[in-house]
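**Student:** Numbering (this note's numbering), first residue to last: 1318 to 1585.
Every residue, glycine too, gets a C-beta built ideally from N, C-alpha and C.
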């Protein structure tokens, strides 16, 4: 007669090495041996490494495929959408910390001639200076630091709005699926921007602003392939959606910059 065990995780009774209810392995003293612990560490590392490589290979080389697999239920071999976004976001801000795509730096934003949405930026700066007894240079330093931190931490707010753009492609599809698509697309965009920036500014055209031009073209092309795969649209329809969608996303990023700028002044 097989020995019965009580799962310490869910309380179910089982007779094999693994709980049939939750899948947890039977706990034994041998689990704490050096060989067992090293084996667990190796398994965890290789599993993460395998998921990481598979996920980003599909994300970059098969636009839209990762989202399609996720909503189809094929999830175990890949990282979850939010994990993908988090990694790409961290990767982006590690290597592009000095770029100002998602915020406006003080070096030009504090220009006395700038009229920002009908508001004189220097009036905002003067209010902060008077309220805190700071010098203009101190306000600039604090503004740059806080706006950088906010632009990093709040970037996820763009995803629901990108999903709203995607909603135009298929209004009958649940919004949650559009969120998955938007998360993967925006993650890929951050990753491509990072890789291209590193190549362009260090090898091809250092200190040139027009390195951004190919990024727009890649964004449209990637969006085109993603729409074609995920929404099963015809090529010409996918192209129209990709151009319009990319334009909308560029505008969203512009609005996001505005939001970060004003929020920074509000918090200072």
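In terms of residues, what are the limits of the alpha helix (DSSP H) holding residue 1457?
**Tutor:** Per DSSP, residue 1457 belongs to the alpha helix (DSSP H) from 1453–1470.
**Student:** For residue 1327, count neighbouring Cβ atoms within 10 angstroms of its own Cβ and tell me buried if that reaches 16, exposed if not.
**Tutor:** Burial call: exposed.
**Student:** What did DSSP end up calling residue 1541 once you bin it into helix, strand or coil?
**Tutor:** DSSP places residue 1541 in helix when its eight states are reduced to three.
**Student:** Could you give the first and the last residue of the continuous alpha helix (DSSP H) run that contains residue 1417?
**Tutor:** No alpha helix (DSSP H) contains residue 1417, which DSSP labels as neither H nor E.
**Student:** Pick out whichever of 1553, 1535, 1470, 1464 has its Cα sitting closest to the Cα of residue 1563.
**Tutor:** Nearest option by C-alpha distance: 1535.
**Student:** Can you tell me which residues form a DSSP beta bridge with residue 1407?
**Tutor:** Partner(s): none; residue 1407 has no beta bridge.
**Student:** If contact is defined by three or more beta carbon pairs under 8 angstroms, each pair taking one atom from either stretch, is the region 1380–1394 in contact with the region 1544–1559?
**Tutor:** A contact exists between the region 1544–1559 and the region 1380–1394.
**Student:** Are the CB atoms of residue 1419 and residue 1468 nearer to each other than 7 angstroms?
**Tutor:** In contact: residue 1419 and residue 1468 (Cβ atoms closer than 7 angstroms).
**Student:** Find out if the Cβ-Cβ distance for the pair residue 1475, residue 1335 is shorter than 7 angstroms.
**Tutor:** Against a cut-off of 7 angstroms, the Cβ pair of residue 1335 and residue 1475 comes out as no contact.
**Student:** Could you tell me how far apart the beta carbons of residue 1442 and residue 1456 are, in whole angstroms, since I believe they sit closer than 8 angstroms?
**Tutor:** Rounded, the Cβ-Cβ distance is 5 angstroms, consistent with contact.
**Student:** By how many angstroms is the C-alpha of residue 1570 removed from the C-alpha of residue 1471?
**Tutor:** When rounded, the distance between both Cα atoms is 12 angstroms.
**Student:** For residue 1400, which three-state DSSP category applies?
**Tutor:** It is helical.
**Student:** Are residue 1413 and residue 1511 closer than 7 angstroms when you measure CB to CB?
**Tutor:** Closer than 7 angstroms, so yes.
**Student:** Beta-carbon within less than 6 angstroms of residue 1542's beta-carbon, same chain only, minus the 5 sequence neighbours each way: which residues are those?
**Tutor:** So the qualifying residues of the chain are 1380.
**Student:** Could you compute how far the alpha carbon of residue 1403 sits from the alpha carbon of residue 1397?
**Tutor:** Those two C-alpha atoms are separated by around 10 angstroms.
**Student:** Just the Cα atoms here: how many angstroms apart are residue 1321 and residue 1329?
**Tutor:** Residue 1321 and residue 1329: Cα-Cα distance of roughly 10 angstroms.
**Student:** Please determine whether the Cβ atom of residue 1408 lies at a distance below 6 angstroms from any heavy atom of the ligand FMN.
**Tutor:** The model depicted lacks the ligand FMN and carries no ligand whatsoever.
**Student:** Is the separation between the beta-carbon of residue 1445 and that of residue 1585 shorter than 7 angstroms?
**Tutor:** Yes, the Cβ-Cβ distance between residue 1445 and residue 1585 is below 7 angstroms.
**Student:** Among 1494, 1485, 1422, which has the Cα closest to the Cα of residue 1560?
**Tutor:** Residue 1560 has its Cα closest to that of 1485, out of 1494, 1485, 1422.
**Student:** With a Cβ-Cβ cutoff of 7 angstroms, do residue 1532 and residue 1513 count as a contact?
**Tutor:** Their beta carbons are under 7 angstroms apart, which means residue 1532 touches residue 1513 by this criterion.
**Student:** Just to confirm, are residue 1480 and residue 1506 a CB contact at a threshold of 7 angstroms?
**Tutor:** Not a contact, by the Cβ cut-off of 7 angstroms.
**Student:** Go to residue 1328, then tell me how far its alpha helix (DSSP H) extends in each direction, as first and last residue.
**Tutor:** First-last for residue 1328: undefined, no H or E at that position.
**Student:** By the DSSP assignment, the alpha helix (DSSP H) with residue 1473 in it spans what residues?
**Tutor:** That residue, residue 1473, is in no alpha helix (DSSP H); it is neither H nor E in DSSP.
**Student:** So, at 7 angstroms on beta carbons, what are the nonlocal neighbours of residue 1582 in its own chain, with the 5 sequence-adjacent residues on each side left out?
**Tutor:** Here the set comprises 1441, 1445.
**Student:** Thinking C-beta only, is residue 1566 closer than 7 angstroms to residue 1494?
**Tutor:** No, these two residues do not count as a Cβ contact at 7 angstroms.
**Student:** What is the rounded straight-line gap between the Cα of residue 1367 and the Cα of residue 1466?
**Tutor:** Approximately 31 angstroms between the Cα atoms of the pair.
**Student:** Is it buried or exposed for residue 1318, if we count other Cβ within 10 angstroms and need 16 for buried?
**Tutor:** Its pLDDT being 48, under 50, residue 1318 is placed unreliably in this model, and the coordinates cannot settle the point.
**Student:** Going by Cα to Cα distance, which pick from 1372, 1385, 1410, 1411 is closest to residue 1395?
**Tutor:** The residue with the shortest Cα to Cα distance from residue 1395 is 1372.
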